[in-house]
Ligand code: KIV
Ligand code: NA
């Protein structure tokens with residue numbers, strides 16, 4: 007089977023809900039691949055993996071390195087790579103140069119970029135030149151400094167702007183659009199209005215699909231718990247318990263035991279790794 011293309015994903019609007027997650031490494035890509043329709047190498051990796059205070063410090067090199075790692079772990083999900091802050095906003099030409107580099111150096115068949123009406127020209131420029139684009143509207147974290155925080159976007163009078171953004175990116179040729187932290191009713195209206203799939207994060211149940219940051223839904227850390235994240239595991243707490251047990255056993259002289267240690271002479275015919 008050939009890997010899925012953005013057009014396949016786009017054509018699945020209106021069928022079963024589309025399942026999407028982020029991944030940043032090969033082993034996690036292998037874990038999510040059997041279950042997902044789309045895997046995003048999100049620039050959330052700046053905060054989640056690299057400890058940055060926002061996504062603004064994420065570089066092309068970081069996206070390429072993690073994009074390559076994720077691509078090694080995917081066989082059946084559509085891969086999408088985020089364009090980092092500063093790599094596409096200046097001009098359609100700058101966006102094309104960097105999108106082409108992301109695709110060429112990782113093998114991913116699509117990119118995602120943030121912005122609505124003001125990015126429509128760039129989305130059209132990219133799609134006309136062979137770069138499938140996933141749009142991202144509502145809360146756009148790369149604009150945290152102008153938005154003034156990670157607040158809900160699209161309440162009251164702002165709803166018209168978000169609807170106009172959605173229509174603009176769809177008309178420009180985006181194959182799908184992420185709706186982040188948009189009121190649920192508005193997200194449903196956008197979903198019914200557009201011919202392309204909407205993928206929600208904090209945008210309620212009426213989108214065509216859902217996405218979460220993998221580390222958030224696995225509960226890998228405990229200091230960030232937005233309302234829209236559901237924790238399906240507590241891997242951070244499990245890891246802390248395991249690390250504590252290891253530390254205790256090393257300090258008590260209980261680890262390593264004989265079963266983790268090597269004898270003076272090789273064990274004879276079994277052929278185990280020595
Ligand atoms: O960077 C990211 O993980 C994202 C998703 C949350 C949509 O953009
Ligand atoms: Na992102």
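Numbering (the UniProt record's numbering), first residue to last: 7 to 280. Glycine included, each C-beta is placed from N, C-alpha and C at the ideal position.
Which whole-angstrom value describes the C-beta separation of residue i and residue j, a residue pair presumed to lie in contact below a C-beta threshold of 8 Å?
i: residue 185; j: residue 143; result: 6 Å
i: residue 103; j: residue 66; result: Contact doesn't hold; Cβ gap of about 10 Å is too wide.
i: residue 156; j: residue 119; result: 18 Å between Cβ atoms; not a contact.
i: residue 212; j: residue 194; result: 3 Å
i: residue 282; j: residue 117; result: The structure shown does not extend to residue 282, since the chain spans only 7 to 280, so no value can be given for it.
i: residue 168; j: residue 192; result: 6 Å
i: residue 123; j: residue 165; result: About 14 Å separates the two Cβ atoms, so there is no contact after all.
i: residue 190; j: residue 141; result: That belief does not hold up - the Cβ atoms of residue 190 and residue 141 are roughly 19 Å apart, past 8 Å.
i: residue 60; j: residue 150; result: 6 Å
i: residue 172; j: residue 205; result: So it is not a contact: roughly 12 Å between Cβ atoms.
i: residue 121; j: residue 152; result: The Cβ separation is near 11 Å, so there is no contact.
i: residue 90; j: residue 115; result: Incorrect: roughly 18 Å between the Cβ atoms, too far for contact.
If I measure Cβ to Cβ from residue i and keep anything under 7 Å in the same chain, skipping five residues before and after, which residues do I get?
i: residue 218; result: 27, 207, 235
i: residue 63; result: 52
i: residue 97; result: none
i: residue 220; result: 27, 28, 29, 34, 38
i: residue 44; result: 15, 24, 26, 83, 84, 86
i: residue 36; result: 79
i: residue 240; result: 225
Between which two residues does the beta strand (DSSP E) holding residue i run?
i: residue 44; result: 44-47
i: residue 14; result: Per DSSP, residue 14 belongs to no beta strand (DSSP E); it is in the alpha helix (DSSP H), 12-16.
i: residue 27; result: 24-28
i: residue 117; result: 117-120
Hey, could you find the ends of the alpha helix (DSSP H) residue i is sitting in?
i: residue 110; result: 98-112
i: residue 5; result: Lying before the first or after the last residue shown, residue 5 is absent from the chain, which here runs from 7 to 280.
i: residue 58; result: Run containing residue 58: none; DSSP gives neither H nor E here.
i: residue 33; result: 32-38
Tell me which residues share the same chain as residue i and place their Cβ nearer than 6 Å to its Cβ, disregarding the 5 neighbours each side in the sequence.
i: residue 78; result: 32
i: residue 55; result: 30
i: residue 228; result: 242
i: residue 47; result: 72, 73, 76, 87
i: residue 209; result: 185, 188, 193
So, at 8 Å on beta carbons, what are the nonlocal neighbours of residue i in its own chain, with the 5 sequence-adjacent residues on each side left out?
i: residue 58; result: 52, 64
i: residue 238; result: 223, 224, 225
i: residue 261; result: 252, 255
Meets three-Cβ-pair contact criterion under 8 Å: the segment 25-32 and the segment 68-85:
yes
Quick check on the DSSP output: what are the complete alpha helix (DSSP H) runs of length 4 or more inside the segment 133-170, in order along the chain?
150-153
Ranges of the beta strand (DSSP E) found wholly within the segment 214-274, counting only runs of at least 3:
215-218
Can you find at least 3 beta carbon pairs, one from the segment 150-162 and one from the segment 118-131, that sit closer than 8 Å?
no
In the segment 172-220, which residue ranges form an unbroken alpha helix (DSSP H) of at least 4 residues, counting only runs that do not cross its ends?
190-199
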